[in-house]
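Chains as they are written, first to last, in my numbering: chain L, 1 to 232; chain C, 233 to 464.
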């Protein structure tokens, strides 16, 4: 049973679950993947902690992982990119495999030769180097917004969490286009709030966006139903 | 922490969670309601069991309730109308309050004097009399589709579970319009798959539809955050 360490934010967790369901080949309830989901919305802000401006979320992440274990989860996913700063610490404390969202993204990218990958993420994810480090291991170089652009991305992410989608969409579209214009062959939506805001964006931008939430959802379906062809 | 006994079907559970989040007044993650959700997609078909054509889902419902208790839930909701046939049996086995979806619906209806309420539901929900009994206690009379109409509603519900939304929408719209034309002042979408299919329907039909999923979501927000004004 898939355990989802979620609530960061709550709507991003719902978006993730929908993507797991959509990528599962099923014609009735009973063919779907069983999930237990903790929407632990009270986990302290991950970016604030990485920047040294807020409390450590690790105790709350660990407590939520315990709840998932108690409920019977056998494999864990965290639909929050920034929380992956604590991936190794969490993995060290559980026998259950915790899928890594950046690995799931790397599995969806084309060949790495000379490819520059744009990354739209929280300031915490960028400061912690989560994508820079993990994608470098697979041969990719990361392109990031400049300081003003990064501040705008973070502001947009907070707008999504507050339900102000239209304002967030305008900002994120502009920053994604700037990364593509600067030479990124693909732009990763590396915060789970971002695909919620960019769900309706059209080509040509659409074609170069990589949805980290969807990549993790596909990895979960593959892990929970090995050997099954994914639904398109 | 709200415990959601879900997975019946999986997409209906996601729809329910989204409605809980949307009706919670919150401007950041930490203001949202904590939830633990079991998407127990393997619970046997509820309608088949009520009609004597399939295995009893009560043991699987009870096992899922145990998982929610183990994870720390303090209040339970089931976003599946048909599963409420086992509401009393489940409530008898747990100290946690289990909200009743038909009571949540009744709380959203206008004054009962002479009001006839149309009910679109699974054949199991209709055969078990879940809405007829519960709404009669509050002074409402139920209007139901005729046999051919009920068969069509059940077919449409299965189409939603299989991801075939457009076909389901056409059938459900026709059956809802028939109930309204037969004198129902309101038509309850009393299966959690139905609002997924009728999400985009317009007035005048829209105005007379009552979404049982949304009613349950509002009741959960009120139960988990007493004294808080609901978001519109």
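C-beta: ideal position from N, C-alpha, C; glycine also. Remember, predicted model here, so these are calculated numbers, not experimental data.
*asked:* For residue 77 of chain L, report the span of its beta strand (DSSP E) as first-last.
replied: 75–77
*Is the Cβ-Cβ distance between residue 367 of chain C and residue 334 of chain C less than 9 angstroms?*
yes
*In angstroms with no decimal places, state the Cα-to-Cα distance between residue 70 of chain L and residue 33 of chain L.*
18 angstroms
_In the DSSP output, which residue or residues are listed as bridge partners for residue 116 of chain L?_
L/141
_Cβ neighbour criterion (16 or more within 10 Å) applied to residue 289 of chain C_ = buried
*asked:* Considering only the alpha carbon of each residue, which of L/209, L/47, L/187 and L/4 lies closest to residue 100 of chain L?
replied: L/4
*What number of angstroms, rounded off, separates the C-alpha of residue 219 of chain L from the C-alpha of residue 46 of chain L?*
23 angstroms
*Apart from the five residues on each side of it in sequence, which residues of its chain come closer than 6 angstroms, Cβ to Cβ, to residue 252 of chain L?*
Residue coverage of chain L in this structure runs from 1 to 232, which leaves residue 252 of chain L outside it and unanswerable.
_Taking CB distances under 9 angstroms as the criterion, tell me whether residue 36 of chain L reaches chain C._
yes
_Listed by chain order, chain C residues near residue 225 of chain L by CB distance under 7 angstroms_ = Ordered by position in chain C, no residue passes the 7 angstroms Cβ test against residue 225 of chain L, which lies about 12 angstroms from the chain.
_residue 418 of chain C and residue 362 of chain C closer than 9 angstroms at C-beta_ = no
*What are the start and end residues of each continuous alpha helix (DSSP H) run of 4 or more residues lying completely inside the stretch 163–187 of chain L, in chain order?*
165–181
*What separation, rounded to the nearest whole angstrom, lies between the Cα atoms of residue 124 of chain L and residue 240 of chain C?*
37 angstroms
*State the Cα-Cα distance for the pair residue 96 of chain L and residue 407 of chain C, rounded to the nearest angstrom.*
47 angstroms
*So, is residue 29 of chain L buried or exposed, given that buried needs 16 or more other C-beta atoms within 10 angstroms?*
buried
_Helix, strand or coil for residue 478 of chain C? Go by DSSP, reduced to three states._
One cannot answer for residue 478 of chain C here, as it falls past the ends of chain C, which runs 233 to 464.
*Any Cβ of chain L within less than 9 angstroms of the Cβ of residue 373 of chain C?*
no
*Alpha carbon to alpha carbon, how far is residue 109 of chain L from residue 305 of chain C?*
39 angstroms
*Taking 9 angstroms as the CB-CB cut-off, is residue 245 of chain C touching chain L?*
yes
*Whole alpha helix (DSSP H) runs in the stretch 277–325 of chain C with 4 or more residues, listed along the chain?*
278–282, 290–303 and 319–324
_Is there a Cβ of chain C sitting closer than 9 angstroms to that of residue 41 of chain L, yes or no?_
yes
*So residue 273 of chain C and residue 425 of chain C are in contact, right, with Cβ under 8 angstroms, and what is the actual spacing, rounded?*
That pair is no contact at about 13 angstroms.
*Shorter than 9 angstroms from the beta carbon of residue 221 of chain C to some beta carbon of chain L?*
Residue 221 of chain C is absent from the model: chain C starts at 233 and stops at 464.
*Verify whether the separation of the beta carbon atoms of residue 50 of chain L and residue 61 of chain L is less than 9 angstroms.*
no
*In the structure shown, what three-state DSSP assignment does residue 433 of chain C receive?*
coil
*Under the DSSP definition of a beta bridge, which residues are partnered with residue 271 of chain C?*
L/35 and C/238
*Grab me the residues of residue 296 of chain C's own chain with a C-beta within less than 6 angstroms of its C-beta, minus the 5 sequence neighbours each way, in chain order.*
237, 270 and 272
*Using a threshold of 9 angstroms, state whether the C-beta atoms of residue 242 of chain C and residue 35 of chain L are closer than that.*
yes
*Consult DSSP for residue 441 of chain C and reduce its assignment to one of helix, strand or coil.*
strand
_CB contact flag (residue 455 of chain C, residue 307 of chain C, <9 angstroms)_ = yes
*How would you call residue 250 of chain C, buried or exposed, if buried means at least 16 neighbouring beta carbons within 10 angstroms?*
buried
_Can you tell me which residues form a DSSP beta bridge with residue 330 of chain C?_
C/308
*asked:* Could you check whether residue 409 of chain C and residue 437 of chain C sit closer than 9 angstroms to each other, using their CB atoms as the reference points?
replied: yes
*Considering only C-alpha positions, which residue in the set L/216, L/151 and L/25 is nearest to residue 121 of chain L?*
L/151
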